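Numbering (the numbering used here), first residue to last: 1160 to 1360. Heads up, the beta-carbon is just placed ideally off N, CA and C, and yes, glycines get one too. It should be emphasised that the depicted structure is a prediction, and the values quoted were computed from it without experimental measurement.
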C-alpha cells in the first residue's frame, strides 16, 4: 500500500500552515511597529517623572490623524465649503500628557516633554509659575520650581506648548516655541526599564 498520497497531503498542510504562520507573524509585527515604539530617556529634563536611561513604550496611534480634505476631494459630487481641518481618530493632545516628538529644530532628534498649552491658549510664566489663559496651572508633578519668567506666548492652531518637568535643565518651548502637532510621535504610555521603575505614566 502506497503512502505517497497521505505524505503529499500532509506536506501540503504543513506548507500551508507554515505560510499562514509567517503571514500572521508579519502582520503582528507590522501592527506593533506602527502602533508602539520604545524610547530611551536621555538627559535630566523630565526628572523626577522620568530619569536618564529609562526606557518607555510610546503609543503612536493615540494622536493618529486624517485629513478630511483628502477624502472630500475624492468625491466628485462635493464642492467643499465645510470645515476640513485635520481630525484625530482617537483624541488630540491633552494638557499634562507626556509626549515624544521630533525636535522642531532637528528632525533627526526626538524629545520627551509634557504638554502645557493647547491650540488657541496663551501661556505665560512668572517666576516659575505657569499661567494658561491667565489662570495659574497646578503642577503636582514638579519636584521644584525655577525662577523662569516668560512673556505671554500664543499657541497657534496645529501646535502645542511643551515643557520639561525639570525646568532648570530643560530645552523646550521656552526656547523654540510651540511644537507642530505633526511632529508628535506619540504619547509616552509606560516605563518598562529598569524593572523596579515599571509603571504606566
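For residue 1346, the uninterrupted beta strand (DSSP E) run begins and ends at 1343-1352, by DSSP. Annotated three-state conformation of residue 1302 is coil, per DSSP.
DSSP links residue 1283 through a beta bridge to 1290. Beyond the five residues adjoining it in sequence on each side, residue 1204 comes within less than 6 Å, by CB distance, of 1323, 1325, 1328, 1329 in the same chain, given in chain order.
Close CB contacts of residue 1313 within its chain, under the 6 Å cut and outside five residues either way in sequence, are with 1281 (chain order). Nearest to residue 1300 by C-alpha distance, out of 1279, 1273, 1293, is 1273. Around the beta carbon of residue 1220, a 10 Å sphere encloses fewer than 16 other beta carbons of the protein chains shown; the residue is thus reported as exposed. Here the alpha carbons of residue 1217 and residue 1199 stand approximately 10 Å from one another. Assignment of residue 1265 by DSSP, reduced to helix, strand and coil, places it in the coil class.
Residue pairing by DSSP places residue 1325 in no beta bridge whatsoever. With 16 or more other Cβ atoms from the protein chains shown falling within 10 Å of its own Cβ, residue 1222 counts as buried.
C-alpha of residue 1336 to C-alpha of residue 1319: approximately 9 Å in a straight line. In this structure residue 1332 is buried. Its beta-carbon is surrounded by 16 or more other beta-carbon atoms within 10 angstroms.
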